[in-house]
Every structure is written in C-alpha cells, then in structure tokens.
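According to the numbering used here, the stretch in the sequence shown is residues 822 to 1117, in order. No residue lacks a Cβ here, since even glycine has one placed at the ideal position from N, Cα and C.
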Amino acid sequence: MKIRGAGRIARAAVKALEDYGDSLEVSGGRDFVERVREAGEYLKGARPTAVSLPNAINYVVLNLEKEAKGVEDVASLKAALKKYCESFVERSESAVEKIGLLGARLIEDGDTILTHCNSEAAISVILTAHRQQKNIKVFCTETRPKGQGYLTSSKLAKNGVDVTLIVDSAVNFFIKKVDQVVVGADAIYVNGAVVNKIGTSQVALVANQAKSRFMVAAESYKIAPKTFVGELIPIEERSPEEVVSGEWAQENKEVKIRNPSFDVTPPKYIDSIVTEVGIFPPEGIILLYRETYGLS
Ligand code: RI2
C-alpha cells in the first residue's frame, strides 16, 4: 500500500522488472528471459485485484520473448527489456492525460462531482475540467479504512478546486447535489462491470437512484482478458488492523472483522467508461477487448 492506484502499481512493477533485469548476471539469453519471466510471475502476486499489474508484466515479457528468439547476447536483451518497460510507462502516463481530456468533455460548467478513493485517472478528468475554467465543485469521500480521500481532497484543493471532504456514509445525504460521480478502476470485466475500491458499488447504487451520472475513468489495460472466458477477478482482503486498532481487537476477540478492499459495480449503474482510446458505454468494452486482443 506504499504504492496506491492501479496505474502506479503497474508502472512500479515494470520499473522493478527493468531494474531486476539490469542487475542479472547470467550466461545466456534463454536464462535471462527465464529469470525475467519468473520475476514477473512473482510481481504479479503482489496485488491480486489490480489487473493492470499482470497486464503490464505480460506486455513486457511477451514482447521480450518475441524479441529474444535466437538471441543469446544478454546485453541486447537487457536493452530490449528496458525499451518495453519504458514504452509501457510512457503509454500509461500519456493514457492518464488523454483520459483527462476525453473525460472532461463529459463535465459541464457548474457541475458538482463526487469521487471515491484516490484515482489518478479520475483526478485527471476533474483537474482537466477545472483547468478548462469549468466551474466545478467536488465531494471527496473519506474512503475508509485507508483514507485515500484525504490524498484526493488535498491534491484537488491545492490545485484550486472547490472541495468538500465527507465520510463514506454521507454519500446518500449529499447525492441530490451531485451531477456526476467520477471514479477510477482497478479492473474492468469484459461485460463492462468495474472493480474499484470498496464502497464504489454503494456509491453507484445511490447515484443510480438519484439519477446522477456515473463515469469510470480507466486505462484500457485495466480490462481483464480472463473475464472473457468467465473467470472472476479475485477481491483482495486486507488486514483487520486497517479497520480497528490492535488494542480494540484484543479487547473484542469475539468480534469478527472483514476488510475486502474492492467491490464490483454492475454495468447497469455505469454511464460511461472513459479510456485513452475513447469513451465507451459499459456494453461497448467488449469491442475494445476485441480490438486489443485481436479476437474476431
Ligand atoms: P488509478 C486504487 O486502488 C483505487 O481503487 C482507485 O480507484 C484505483 O486504484 C484506480 O486508480 P488502491 O491501489 O489507477 O488504492 O486511476 O488499492 O490511479
């Protein structure tokens, strides 16, 4: 949790892979690729829900494997690894900028926005709209238990946005003032369902009831290809100590504590998924999947 946000996690993982590859002392190309592949598998286990992580590692490793065919010179493979890691990071950073520009088109002057957790992509949409002189107000949920809403509200306020921090349970109280919810994603199902920080689906339900629009801002590499064949995305469950203090847990040993980090928002509660390659209704994500993975 030192690195937060699905995009940042993916970039940190490929940077780690690049450093690891650079430090490897191996005799031949095949050995190099094998060790990088193993390290990639290890990194994938760090955060199970953010599909950006395996997608980023796969992008680098598959490209390295293609380039490595018949090449035994380790120095040129190290250079190839660096090239693919850097190209992923560049693509990821430019995606956040493009999402900001596309998403801001859906924000109207005078809109009140609500955001949950701390998403680079969602913040990019909000800050782009603000820089375009759209007069917006933003509610940020606190986002228990880790409190990422403090990061988001602080960043927006420092950039001159009119921000109000609220507790998570106050969403229904304020929703009538909200024109549009803007959140990020850790993973996207091929059917357009979105996995994001715990509480997102409650916000979506409340927004749907109040007829507020619901936008997801997410890079295309957050689509989980395995969901095309019916696999579910695992939901990371984190330590109870994020929820209560150790002292309280000791005094109340009979109380069970659960701490799932993410939940799934069904497509019917989502109006738009803004990616760097375009704005899709959730039902349209299958087209982006086909384009990316080449299925006919
Ligand atoms: P970006 C975060 O997960 C939040 O759920 C956030 O909405 C999502 O990743 C996407 O964030 P965590 O790492 O990739 O805080 O848009 O568990 O930054």
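Tell me whether residue i sits in a helix, a strand or coil according to DSSP, three-state version.
i, result
"Arg832", "helix"
"Gln1001", "strand"
"Glu1058", "strand"
"Ser1117", "Annotation note: pLDDT 49 at Ser1117 (below 50); position unreliable, no value reported."
"Glu1112", "helix"
"Leu935", "strand"
"Ile947", "helix"
"Val892", "coil"
"Pro875", "helix"
"Asp843", "helix"
"Ser848", "coil"
"Ala1028", "helix"
"Gly866", "coil"
"Ile824", "coil"
"Gln953", "coil"
"Glu886", "helix"
"Arg926", "coil"
What does DSSP give as the partner residue(s) for residue i in the beta ladder?
i, result
"Asn1017", "Asp1084"
"Gly1099", "Thr1096"
"Leu986", "Cys961"
"Val1037", "Val1004, Ile1094"
"Ile1044", "Ile1009"
The ligand HEM and residue i: does any heavy atom of the ligand fall closer than 7 Å to the residue's C-beta?
i, result
"Thr964", "No copy of the ligand HEM appears in this structure; the ligands present are the ligand RI2."
Taking residue i as the reference, which of the options has the closest Cα?
i, options, result
"Tyr971", "Asn939, Arg1111, Tyr863, Val882", "Asn939"
"Gly1005", "Pro869, Arg1111, Leu845, Phe1083", "Phe1083"
"Ile824", "Lys967, Phe1049, Tyr880", "Lys967"
"Glu1057", "Thr1086, Pro869, Ile957", "Pro869"
"Ala831", "Gln953, Gly866, Gly1051", "Gly866"
"Glu1052", "Val1011, Ile1019, Trp1069", "Val1011"
"Pro1055", "Thr962, Val1015, Arg1034, Val999", "Val1015"
"Val984", "Ala991, Lys976, Ser990", "Lys976"
"Glu911", "Val881, Asp1000, Ala860, Thr933", "Val881"
"Val1085", "His937, Val1064, Lys1032, Ala1008", "Ala1008"
Give me the Cβ distance between residue i and residue j, rounded to the nearest whole Å; I'm assuming they're in contact under 8 Å.
i, j, result
"Ile920", "Phe960", "Rounded, the Cβ-Cβ distance is 21 Å, inconsistent with contact."
"Ala877", "Val847", "Their Cβ separation, rounded to whole angstroms, is 23 Å, which puts Ala877 and Val847 out of contact at 8 Å."
"Leu948", "Asn980", "6 Å"
"Val1098", "Leu1109", "7 Å"
"Gly1013", "Glu1072", "Not really, about 44 Å apart at Cβ, beyond 8 Å."
"Gly828", "Ser897", "Going by Cβ atoms, the distance from Gly828 to Ser897 rounds to 30 Å, so no, they are not a contact pair."
Using 8 Å as the Cβ pair cut-off and three pairs as the minimum, do the region 1071 to 1081 and the region 1021 to 1033 touch?
-> Between the region 1071 to 1081 and the region 1021 to 1033 there are fewer than three C-beta pairs closer than 8 Å, too few to call the two in contact.
Taking 8 Å as the threshold, find out whether the region 940 to 953 comes into contact with the region 1037 to 1052 through three or more Cβ pairs.
-> By the Cβ test, the region 940 to 953 is in contact with the region 1037 to 1052, since at least three Cβ pairs between them sit closer than 8 Å.
Check whether the region 923 to 931 touches the region 892 to 909, taking contact to mean three or more Cβ pairs, one atom from each stretch, closer than 8 Å.
-> Too few Cβ pairs lie closer than 8 Å, so no.
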